[in-house]
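Colleague: Provided herewith is a single structure, encoded as structure tokens, for subsequent inquiry.
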Amino acid sequence: MIKNKINASQGDISLLMKHVLDTDGNGYIDFSTFKEKFGPNMSRLVSVPENELHVPNLCPNKEKLTEYGKRSQSLRSSVNVVRKGFQPEIDASK
2 MIKNKINASQ
12 GDISLLMKHV
22 LDTDGNGYID
32 FSTFKEKFGP
42 NMSRLVSVPE
52 NELHVPNLCP
62 NKEKLTEYGK
72 RSQSLRSSVN
82 VVRKGFQPEI
92 DASK
């Protein structure tokens, strides 16, 4: 794995084989299993805590754009709340 520039420990590799690739416990995977499991959408095989969405980021996709839009909208509203707290009161005498 290091030769292919994939930084994974032996434990990581064995967990990947046991829980994702070789779920039957054969100790190997055949070509049909390889064909089903390897590909651009491999992340769907691994459960991600906190329900974070993982999709390829090299091309635009609707799911990620929607997620980023919601995040930026909530950040923008939080910044506006803080800004209003520091805004001086309007002087009515002028």
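Heads up, the sequence shown stops at 95 in the working numbering, and the numbers go up one at a time, no gaps.
The beta-carbon is built from N, C-alpha and C at its ideal position, and this holds for glycine as well.
(1) When the Cα of Pro41 is compared with those of Asp23, Cys60, Tyr29, Ile30, which residue comes out closest?
(2) Contact check, Ile14 vs Asp23 under 8 Å by CB: the rounded distance?
(3) Is Val21 near Lys36, with beta carbons less than 9 Å apart?
(4) Give me the Cα-Cα distance between Ser10 and Val82, rounded to the nearest whole angstrom.
Modeller: According to the structure shown:
(1) Locating residue 41 in the sequence shown gives position 40, where the first residue counts as 1. Minimum Cα distance to Pro41 is reached at Cys60.
(2) For the purposes of this step, residue 14 is taken as residue 13 along the sequence shown, with counting starting at 1. For the purposes of this step, residue 23 is taken as residue 22 along the sequence shown, with counting starting at 1. The Cβ separation is near 11 Å, so there is no contact.
(3) For the purposes of this step, residue 21 is taken as residue 20 along the sequence shown, with counting starting at 1. For the purposes of this step, residue 36 is taken as residue 35 along the sequence shown, with counting starting at 1. No, the Cβ-Cβ distance between Val21 and Lys36 is not below 9 Å.
(4) Against the sequence shown, residue 10 aligns to sequence position 9. Against the sequence shown, residue 82 aligns to sequence position 81. Distance between the alpha carbons of Ser10 and Val82: 46 Å.
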